[in-house]
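Take a look at the structure below.
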Amino acid sequence: METSNFIKTIIEEDLKNGKHKEIITRFPPEPNGFLHLGHARSIIQNYHLAVSNNGYFNLRFDDTNPVKEDTVFVEGMIEDIKWLGVKWKNLLFASDYFDEMYNRAIVLIKKGKAFVDDLSAEEIREYRGDLKNPGKESPYRNRTPEENLELFENMKNGLYEDGSRVLRAKIDMASPNMNLRDPVIYRIQRAYHHNTQDKWLIYPMYDYAHPIEDAIEGITHSLCSLEFEDHRPLYDWVVKECEMENVPRQIEFGKLIMAKQVTGKRYIKQLVDSKAVIGWDDPRLITISGLRRKGVPSQAITNFILATGLPKTQGETEYEMFDKYVRESLVEAKRINAVVDPLLVEITNYEDSKVEYLDVENNRDFPEMGTRKVPFSKYVYIEREDFIEEKPNKKWKRLYLNGEVRLMHAYFIKANEIIKDETGKITKILATYDELTKSGSGFTERKPNGNIHFVDGTINKPATFRIFDDLVLDFENKDIPFSEKINKNSLVEKHGFVEALEYNVLDRFQFARNGYFAVDQDTNEEKLVFNEIVSLKSKFKR
RNA sequence: UGGGCUGUGGCCAAGUGGUUAAGGCACCGGACUUUGACUCCGGGAUCGAUGGUUCGACUCCAUCCAGCCCAGCCA
Numbered sequence: 104m105e106t107s108n109f110i111k112t113i114i115e116e117d118l119k120n121g122k123h124k125e126i127i128t129r130f131p132p133e134p135n136g137f138l139h140l141g142h143a144r145s146i147i148q149n150y151h152l153a154v155s156n157n158g159y160f161n162l163r164f165d166d167t168n169p170v171k172e173d174t175v176f177v178e179g180m181i182e183d184i185k186w187l188g189v190k191w192k193n194l195l196f197a198s199d200y201f202d203e204m205y206n207r208a209i210v211l212i213k214k215g216k217a218f219v220d221d222l223s224a225e226e227i228r229e230y231r232g233d234l235k236n237p238g239k240e241s242p243y244r245n246r247t248p249e250e251n252l253e254l255f256e257n258m259k260n261g262l263y264e265d266g267s268r269v270l271r272a273k274i275d276m277a278s279p280n281m282n283l284r285d286p287v288i289y290r291i292q293r294a295y296h297h298n299t300q301d302k303w304l305i306y307p308m309y310d311y312a313h314p315i316e317d318a319i320e321g322i323t324h325s326l327c328s329l330e331f332e333d334h335r336p337l338y339d340w341v342v343k344e345c346e347m348e349n350v351p352r353q354i355e356f357g358k359l360i361m362a363k364q365v366t367g368k369r370y371i372k373q374l375v376d377s378k379a380v381i382g383w384d385d386p387r388l389i390t391i392s393g394l395r396r397k398g399v400p401s402q403a404i405t406n407f408i409l410a411t412g413l414p415k416t417q418g419e420t421e422y423e424m425f426d427k428y429v430r431e432s433l434v435e436a437k438r439i440n441a442v443v444d445p446l447l448v449e450i451t452n453y454e455d456s457k458v459e460y461l462d463v464e465n466n467r468d469f470p471e472m473g474t475r476k477v478p479f480s481k482y483v484y485i486e487r488e489d490f491i492e493e494k495p496n497k498k499w500k501r502l503y504l505n506g507e508v509r510l511m512h513a514y515f516i517k518a519n520e521i522i523k524d525e526t527g528k529i530t531k532i533l534a535t536y537d538e539l540t541k542s543g544s545g546f547t548e549r550k551p552n553g554n555i556h557f558v559d560g561t562i563n564k565p566a567t568f569r570i571f572d573d574l575v576l577d578f579e580n581k582d583i584p585f586s587e588k589i590n591k592n593s594l595v596e597k598h599g600f601v602e603a604l605e606y607n608v609l610d611r612f613q614f615a616r617n618g619y620f621a622v623d624q625d626t627n628e629e630k631l632v633f634n635e636i637v638s639l640k641s642k643f644k645r
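So, in structure tokens, the structure goes:
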């Protein structure tokens with residue numbers, strides 16, 4: 104199930120040769136959006152790597168940019184991470200360390216490793232050079248530590264306008280690695296911070312803040328995605344020059360990207376704003392909240408993430424692979440009957456007001472789950488697609504005119520007549536049942552042409568079934584604008600019947616021969632709504 | 001074209017000098033079946049390319065090709 108991976112190998116070696124006694128990891132989201140399946144890789148792997156190696160895991164919000172962040176996102180993320188079954192030892196914020204970061208910046212300045220720059224943002228960009236040409240040094244680069252100290256304090260105290268000055272690390276303007284060309288490490292930003300309110304006017308940049316956060320917490324292995332590989336030299340530089348005691352090691356891995364899934368913030372926002380989806384928790388989205396609402400068990404996500412590994416490559420994983428883990432996590436769901444697209448069957452030779460209660464296993468594969476009583480009477484609903492007038496080929500294992508099938512757990516029925524309305528649509532099947540074929544009676548005289556499920560015609564509950572499809576068509580096609588690629592039929596609501604049982608939001612079932620479904624939160628006294636979590640696999644081809 | 005990284009069957013992914021090149025998903029056969037489900041059997045790659053080192057290379061070296069990332073006072 105769990106694959107080996109290069110980070111695990113590194114960790115095991117660090118443990119073996121005594122570099123670390125415990126492994127401490129963290130998940131450091133910026134609270135500026137919602138978590139999705141891709142983030143689950145980082146969350147679960149970080150957690151797993153730590154706790155399975157005698158260590159622990161921290162949840163730390165990287166809230167160094169107040170203009171983008173909000174407390175509603177931290178709340179949402181906390182809920183999602185809890186739901187994933189991931190337990191953090193400490194719940195922290197980068198902003199918890201702003202004082203420490205400020206003090207370390209002073210250390211840098213005193214050592215002549217950082218300076219206050221008066222260049223404008225545009226000028227800094229010009230001075231930085233480009234991929235082919237080295238940058239040139241800022242004219243303010245050689246200010247004395249004393250002057251820098253004063254200027255930096257003034258920045259902190261609000262003597263300067265936003266954007267008028269920055270603190271920069273003094274590294275190498277000619278480095279082929281752009282990140283090392285005197286990166287900005289502090290900027291002035293008069294913005295309300297969700298945690299520190301208006302205490303600070305200056306905020307540290309990611310490249311400066313992150314290594315300090317990791318070092319303060321004693322993070323041993325700081326996992327991040329591939330695009331930060333170029334930042335590693337800077338990460339190491341900050342840890343060293345700021346004289347941090349702990350030396351965390353940054354290791355980069357490939358993000359989890361699901362094929363044909365919308366995860367980009369602005370695209371999801373567009374879908375939400377245009378009402379193409381219900382919200383960020385729409386079951387068609389792979390946001391953690393969307394998956395949760397749809398009914399996906401968190402264990403499916405964990406198993407999928409662990410199986411999918413922690414690679415150094417950047418590929419796209421097919422959704423079918425995830426489906427497999429979802430199905431696997433639902434094998435113990437109660438298996439009941441639901442007719443998603445009903446077709447009425449009248450059993451003409453069945454006594455009018457008679458009702459039989461059949462004993463049915465809740466889950467054939469888990470007898471300990473017991474049985475329940477399923478009603479059967481003169482009128483039943485079957486799936487419209489389980490009937491066809493003429494048997495098309497020998498492979499058709501369902502009902503057809505003059506054919507006989509078994510209604511699972513009940514009797515064989517034979518279709519004798521079709522009733523149609525004026526448009527030609529079939530409205531009812533007249534059938535007869537054979538009393539001798541009752542399930543459990545041991546009848547073996549003849550074989551039915553298949554087994555189909557049913558729901559009693561009167562003892563049932565009407566329900567809405569939401570069936571989902573890809574949100575976006577032609578996903579890879581870059582020539583079609585996003586708005587035109589939205590699949591208008593990504594949500595289809597069907598109206599049918601389920602067994603008359605108790606249904607609570609998020610209850611999960613297997614609807615025999617249909618798929619796995621969960622009760623949606625839109626359910627109320629008036630309506631019962633189910634989401635299709637994942638269909639059953641099927642070899643049947645029309 | 002400066003720098004960093006990646007390239008194993010349709011997809012994911014182990015393997016790091018000697019294995020018949022794991023495993024999973026998908027797919028195709030077949031068995032079983034009161035879910036065309038589940039389960040169970042069986043099926044496919046010579047490892048981006050080309051050279052080299054070696055008794056022996058997916059694993060080492062060189063060159064080439066392809067893809068991804070970097071020029072925010074975002075993370």
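Mapping to my numbering: the first sequence position 284 is 387, numbers consecutive.
All C-beta atoms in this analysis are idealised placements derived from N, C-alpha and C, irrespective of residue type, glycine included.
As the structure is a computational prediction, the values presented were derived from the model and not from experiment.
Distance from the CA of Asp444 to the CA of Leu138, rounded to the nearest whole angstrom, comes to 35 Å. DSSP places His142 in the uninterrupted alpha helix (DSSP H) bounded by Leu140 to Val154.
Apart from the 5 residues on each side of it in sequence, Trp186 sits with its Cβ closer than 8 Å to the Cβ of Ile391, Arg395 and Ser401 in its chain, given in chain order.
The alpha-carbon of Leu337 is positioned some 7 Å away from that of Asp310. For Val341, the uninterrupted alpha helix (DSSP H) run begins and ends at Arg335 to Glu344, by DSSP.
If you look at Thr411, you'll find it in the alpha helix (DSSP H) that goes Ser401 to Thr411.
Fewer than three pairs of CB atoms, one per stretch, sit closer than 8 Å, so the region 315-331 makes no contact with the region 285-298. In this structure Leu604 is exposed. Its beta-carbon is surrounded by fewer than 16 other beta-carbon atoms within 10 angstroms.
In the structure shown, His556 falls within a coil segment according to DSSP collapsed to helix, strand and coil.
Ile583 counts as exposed, since fewer than 16 other C-beta atoms from the protein chains shown sit within 10 angstroms of its C-beta. Under the 10 Å beta carbon count, Glu635 is surrounded by 16 or more other beta carbons and is classified as buried. Exposure of Asp333 is indicated by the presence of fewer than 16 other C-beta atoms within 10 angstroms of its C-beta. Checking the DSSP bridge columns, you'll see Asp285 has no partner listed. Between Pro132 and the set Phe164, Glu587, Val558 and Leu576, the nearest pair of CA atoms involves Phe164. For the 8 Å CB-CB criterion, Ala208 and Asp166 do not form a contact. Straight-line measurement puts the Cα of Ile288 at about 15 Å from the Cα of Arg231. In this structure, the CA atom of Val341 is about 29 Å from the CA atom of Ser155.
The closest CA to that of Lys517, considering only Lys122, Glu507 and Asn552, is found on Glu507. Excluding sequence positions up to five before and after Lys415, its CB lies within less than 8 Å of the CB of Phe109, Leu329, Glu355, Phe356 and Gly357, all in the same chain and listed in chain order. Beta-bridge pairing by DSSP links Ser198 to no other residue. Secondary structure note for Lys588: it is in no beta strand (DSSP E), and the uninterrupted alpha helix (DSSP H) holding it is Phe585 to Lys588. Listed in chain order, the non-local C-beta contacts of Arg352 below 6 Å within the same chain comprise His324, local neighbours out to five positions each way being set aside. Asn193 and Asn161 do touch by the CB rule: their CB atoms are close to 5 Å apart, below 8 Å. Taking a contact as a CB-CB distance under 8 Å, the pair Tyr460 and Ala362 does not count as one, their CB atoms being some 47 Å apart. Taking the C-beta atoms as reference points, Asp623 is found nearer than 8 Å to Arg569. Its Cα nearest to that of Met281, the residue Pro237 stands out among Pro237, Asp610 and Glu454. In this structure, Leu433 sits away from Arg487, with a CB-CB distance that is not shorter than 8 Å.
Judged by beta-carbon spacing, Phe515 lies beyond the 8 Å limit of Pro478, meaning their Cβ atoms are not closer than that value. For Val429, the CB contacts under 6 Å within the same chain, skipping 5 residues up- and downstream, are Val399, Ala403 and Val637 in chain order. Annotation: Asn260 to Cys345 spans about 22 Å, alpha carbon to alpha carbon.
Taken through DSSP and simplified to helix, strand or coil, Phe137 comes out as coil.
For Gly599, the enclosing beta strand (DSSP E) covers residues Leu594 to Val601. The DSSP assignment places complete beta strand (DSSP E) segments of no fewer than 3 residues inside the region 217-297 at 217-220, 269-272 and 287-291, in order along the chain. Spatial neighbours of Glu579 in its own chain (CB-CB distance under 6 Å, excluding positions within 5 residues in sequence) are not present. Here DSSP, grouped into helix, strand and coil, assigns Gln613 to strand.
Take Gln364, set aside five residues on each side of it, and the residues of its chain with a beta-carbon closer than 6 Å to its own are Ile389, in chain order.
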